[in-house]
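Residue numbers (my numbering), protein chains in the order written: chain C, 1285 to 1587; chain H, 51 to 368.
Each residue gets a CB set at the ideal place from its N, CA and C atoms; glycine is no exception.
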Amino acid sequence: MKTIAGAHKANAPQREQSRPVVLIRDLIAKFNEYPLVVFAASLILLLAVAAIFAPALSPHDPLAVNMEESLQGPAPKHLMGTDQLGRDLFSRILFGTRISLSIAFATVAVCLVLGVAVGAVAGYLGGVADDLLMRLVDIFMAFPGLLLTIAIAGMLGPSMQNLMLAMIATSWVGYARIARGAVLSVKECAFVEAARSLGSGGARILIEHIIPNIVHPIIVLATLNMGQTILSIAGLSFLGLGAQPPAPEWGVMLNEACSFMGLAPHLFIFPGLAITVAVMAFNFLGDGLRDMLDPRFKKEVEI
Amino acid sequence: MKSSLLAVRNLDVSFRTRAGLVRASNGVNLDIREGETLALVGESGCGKTIIALAVMRLLVENALITGEIRFRGRDLLSLDEEEMRNIRGREIAAIFEQPASCLNPVMRIGEQITEAVMAHEQCPKREAKMQAKEIMETVGIPAARYRSYPHEFSGGMQQRTMIAMALAGRPSLLIADEPTTALDVTVQAQILDLLKESALKNNTAMLLITHDTGIIAEMADTVAVMYAGTILEQGSIKSILKNPRHPYTTALLGAIGEGGLRPLPGTAASLCAVPPGCPFHPRCVLAREVCFRKVPELISVKGRKVRCHYAGRSKAVV
């Protein structure tokens, strides 16, 4: 045993030193196998940079009205042209990224935490608790999302907060169902019993042993859900149920563009493209991650 | 005389299933004194693991358990879940047959051991981590492997990890359920040495569950032979290995012996359909009419207990 331990110690510093390098190399190697994931992830990174640095990147104030330059086509001064009030479209799209991504991210985060908590507890406890919690989930599932949103907007007034509330109410249940199913299969694993035999309590087992083992399906669901949520935000804002003008939100911009469709097609082409790119990127990433993380979808081993 | 640590009295465990009532344990009595090792021997499916799980109170909820399991005088069956959790790991710890599936695949080895330490001692994580590293070294895992994942370990190393986790709570009773069955012979010897050494050092008693009669000779102080949920023979290691009184013990010991492998005829009795009378009679060379009718009592013969109608007779019959 001594010699083995000695050999290890000799190797250890070397391994320690190169760990980040190894990690990055492994990451690149892994992603080389899945070009779609890399492509989608870079797009999302780009969008995130655009969202975070929107104030620095945008050449103009997205809300600054300049009637003298209204409805101009793309030109060096206004990269994507201007709208009917002479506002710079490129700046508005950049700030729109900020709104869409942050609202979608917040919505998905709340849904994820709430859904996973409820689903995991239901799956872990089983029995009556499981039945009660899952019937609650069923009730939420029974509501049609759009109708609920319209009802909430009607009752509380159309605003971004209320839109979020409606989206959370309709999509947290997806996480609860996925989490419950995954917990049901993981909690029968031998290591859960082993942990119990060592005196670990229920909460500890759930948080430290079970939940880390169910992150794969949750990550995939959350990524796909990001795309759907971005689309919902744009769609419902287009209908006037979410963000309100003059907010530089993509759906709102599309709505405003309707009146000028023949006159200035760039007004709906660019916001439309922005929505498409964002939704596509998240859907690609979700699909790619599902293939990457699911061992059953592994490519054939090269011999 | 060392004081009694674990005393199992008239333990009955049964399960209501669609196939009828499955009686996995019938009036089992076991005694383990401090620092002693009891080997529970028997073929697959005879109910050994059920006993281990019953002692840990880890049986599924539809199990019907009666009898007494006294640990340091307290009846474990009467404790509530909270009290039981304080006993698990700290007083009684277990290691199981399949180390690979008993380790959390997404948690680092060191962290799992640290968690085991923290489950019993209220101490800051840094201190627990130091302790975990110490324990790792004592079970023969280099502390440098703290950040490894279970899949990066061999079966032997995984079992060492399990042992490290079990020892973390300094239990006074270690239940080792087929600890070496999944390992090859050389690693098996190392793991057994490790178990024996650490049991000796900490004065830990052991309930060793195995079907390998070779292991018993090396490890155990007392032996209980189990068949179809019933103890057929129990006593000190010396008396039973040298001079088994029950035909089943004789056959088990003879299965691997001089002249190669001598398999027992027939298959082990299913717990769903335990034969009437002596459960072993369909496979027994001595079976007579009385064996079909009557379950033999566990009687004391020459310093051990035997459940056989012919136990009192001379050895020549066997």
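To test your reading of the DSSP string, which unbroken alpha helix (DSSP H) runs of 4 or more residues are found completely within the stretch 92-168 of chain H? 98-106, 131-137, 149-152, 159-168
Which residues in the same chain have their Cβ closer than 7 Å to the Cβ of C:R1466, if we skip the five residues on either side of it in sequence? First, the residue type needs correcting, since residue 1466 of chain C is Ala and not Arg in the sequence shown. Counting only Cβ-Cβ distances below 7 Å, and skipping sequence neighbours, we find I1498, P1501.
Using a Cβ-Cβ cutoff of less than 8 Å, which residues in the same chain neighbour H:G117 once the five nearest sequence positions on both sides are dropped? V58, R59, N60, L61, D62, G77, V78, L127
Between the Cα of C:V1561 and the Cα atoms of C:P1346, C:N1350, C:T1381, C:M1545, which residue gives the shortest distance? C:T1381
Contacting residues, own chain, Cβ-Cβ under 6 Å from C:A1338 (five flanking each side not counted): L1378, F1379, R1382
Cβ of C:L1573 within 8 Å of Cβ of C:V1306? no
Would you please verify whether the beta carbon of C:N1497 is less than 8 Å from any beta carbon of chain H? yes
On the three-state DSSP scale, how would you describe C:I1494? helix
Within the same chain, show all residues whose beta-carbon is closer than 7 Å to that of H:R122, passing over the 5 residues directly before and after it, in chain order. L55
Please state whether DSSP places C:M1545 in a helix, a strand or coil. coil
Name the two residues that bound the continuous beta strand (DSSP E) containing C:S1521. Unbroken run through C:S1521 is the alpha helix (DSSP H), 1499-1522; no beta strand (DSSP E).
Go ahead and label H:C322 buried or exposed: buried means 16 or more other beta carbons lie within 10 angstroms of its beta carbon, across all protein chains shown. exposed
For C:E1472, go through chain H and note every residue whose CB falls closer than 9 Å to its CB, in chain order. Those do not exist, as C:E1472 stays about 10 Å from chain H at its closest Cβ, beyond 9 Å.
Less than 8 Å between CB atoms is the rule here; does H:F65 satisfy it with respect to chain C? no
Any beta-carbon of chain C closer than 8 Å to the one on H:N154? yes
Any beta strand (DSSP E) of 3 or more consecutive residues that is wholly inside the stretch 214-240 of chain H: 223-227
Hey, could you find the ends of the alpha helix (DSSP H) C:S1375 is sitting in? 1373-1409
Distance, H:A318 Cα to H:G92 Cα: 9 Å
Between the Cα of H:F203 and those of H:N253, H:R68, H:G160, spot the shortest distance and give me the residue it belongs to. H:G160
If I measure Cβ to Cβ from C:A1506 and keep anything under 6 Å in the same chain, skipping five residues before and after, which residues do I get? V1392, L1396
Just checking: is the beta-carbon of C:M1285 within a distance shorter than 8 Å of some beta-carbon in chain H? Its pLDDT being 41, under 50, C:M1285 is placed unreliably in this model, and the coordinates cannot settle the point.
Need the endpoints of the alpha helix (DSSP H) that H:F342 sits in, please. 339-343
Ignore the nearest five residues each way along the sequence and tell me which others in C:I1559's own chain have a CB closer than 6 Å to its CB. A1518, W1534
For the alpha helix (DSSP H) that H:D62 lies in, which residues bound it at each end? Looking at the DSSP string, H:D62 is not in any alpha helix (DSSP H); the run it does join, the beta strand (DSSP E), is 54-67.
Output, in chain order, the set of chain C residues within a Cβ distance shorter than 8 Å of H:G139. S1481, L1482, G1483, S1484
Taking Cβ positions, are C:A1426 and C:I1436 nearer each other than 8 Å? no
Any beta-carbon of chain C closer than 8 Å to the one on H:R135? yes
Would you say H:F330 faces chain C, with C-beta separation under 8 Å as the test? no
To the nearest angstrom, report how far apart H:T211 and H:G285 are at their CA atoms. 32 Å
Excluding five sequence neighbours on each side, which residues of the same chain lie with their C-beta closer than 7 Å to the C-beta of H:M215? Q162, I163, A166
Identify, in the order they occur along the chain, each residue of the same chain with its Cβ nearer than 8 Å to the Cβ of C:C1542, setting aside the five sequence neighbours on each side. F1552
For C:T1366, list the residues DSSP reports as bridge partners. C:D1372
Hey, does H:H359 have any beta-carbon neighbour from chain C nearer than 8 Å? no
Taking 8 Å as the CB-CB limit, is H:F146 close to chain D? Absent from the structure: chain D. Protein chains present are C and H.
Please report how far the alpha carbon of C:N1275 lies from the alpha carbon of C:I1452, in whole angstroms. Nothing can be reported for residue 1275 of chain C, as the shown portion of chain C is limited to 1285 through 1587.
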